[in-house]
Amino acid sequence: MGNFIMGGVYIVAGILHFVIPKFYLRIMPPFLPAHQLLVALSGVAEILLGVAMFFPATRSWAAWGIILLLIAVFPANIYMAYADKFQHLSPLVRWGRLPLQFLLIWWAYQYTR
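Numbering follows my numbering, in which position 57 of the sequence shown is assigned residue number 57; successive positions increment by one, without gaps.
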């Protein structure tokens with residue numbers, strides 16, 4: 001059942017990359033190139049990996065893909081935590097995203113076997 005919840009979470013998150021791209025573009029660290037392309041690619045990846053979580057044949061590789069994706073987007077969470085343009089947000093929101101990534105990685109790891 002948890003794999004369906006996880007899959008749904010990533011499908012919704014991926015769709016949001018296309019519905020509200022400005023949010024994702026704002027948290028892109030300046031040192032990364034092609035922000036729009038990276039936001040779109042990460043959105044597509046989240047949707048595909050989310051769908052793959054629904055099926056036993058693809059669940060393990062999808063979980064590994066989610067782990068890699070969470071590691072890949074970690075710089076955006078770090079940037080959001082310390083960049084001046086996000087100081088108006090609660091520190092809990094800004095800094096809370098960092099340990100949340102580790103919790104999400106742990107959750108995905110449960111489906112790698």
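Using N, Cα and C, we set each Cβ at its ideal position, and we do this for glycine too. Computed from a prediction, not measured in an experiment: that's the story for all the values here.
field: CA nearest to the CA of Trp106, picked from Ile27, Trp64, His17, Leu48
entry: Here residue 106 corresponds to residue number 106 of the sequence shown, with the count starting at 1. The shortest Cα separation from Trp106 among Ile27, Trp64, His17, Leu48 belongs to Trp64.
query: Based on Cα-Cα distance, which residue from Arg59, Pro30, Leu100, Val12 lies nearest to Arg113?
result: Indexing the sequence shown from 1 puts residue 113 at position 113. Among Arg59, Pro30, Leu100, Val12, the Cα nearest to that of Arg113 belongs to Arg59.
field: Cβ neighbours of Pro21 in the same chain (closer than 7 Å, five flanking residues each side left out)
entry: Within the sequence shown, the letter at position 21 stands for residue 21. Cβ neighbours of Pro21 beyond the five flanking positions: Val39.
message: Between which two residues does the alpha helix (DSSP H) holding Lys22 run?
response: Position 22 of the sequence shown, counting from 1, holds the residue named residue 22. First-last of the alpha helix (DSSP H) with Lys22: 21-26.
task: Throw me the rounded Cβ distance for the Ala81 and Arg94 pair, which I believe falls under 8 Å.
output: Numbered from 1 along the sequence shown, position 81 holds the residue referred to as residue 81. Numbered from 1 along the sequence shown, position 94 holds the residue referred to as residue 94. The Cβ separation is near 5 Å, so the contact holds.
- prompt: Roughly how many whole angstroms lie between the Cα atoms of Arg97 and Ala57?
  reply: Residue 97 sits at position 97 when you count from the first residue of the sequence shown. Residue 57 sits at position 57 when you count from the first residue of the sequence shown. Going by the C-alpha atoms only, they are around 31 Å apart.
task: Please name the residue in Val19, His88, Lys85 whose C-alpha comes closest to that of Val44.
output: In the sequence shown, residue 44 corresponds to position 44, counting from 1. Considering only alpha carbons, the answer is Val19.
- prompt: What number of angstroms, rounded off, separates the C-alpha of Leu32 from the C-alpha of His17?
  reply: Numbered from 1 along the sequence shown, position 32 holds the residue referred to as residue 32. Numbered from 1 along the sequence shown, position 17 holds the residue referred to as residue 17. Approximately 17 Å, taken between the alpha carbons.
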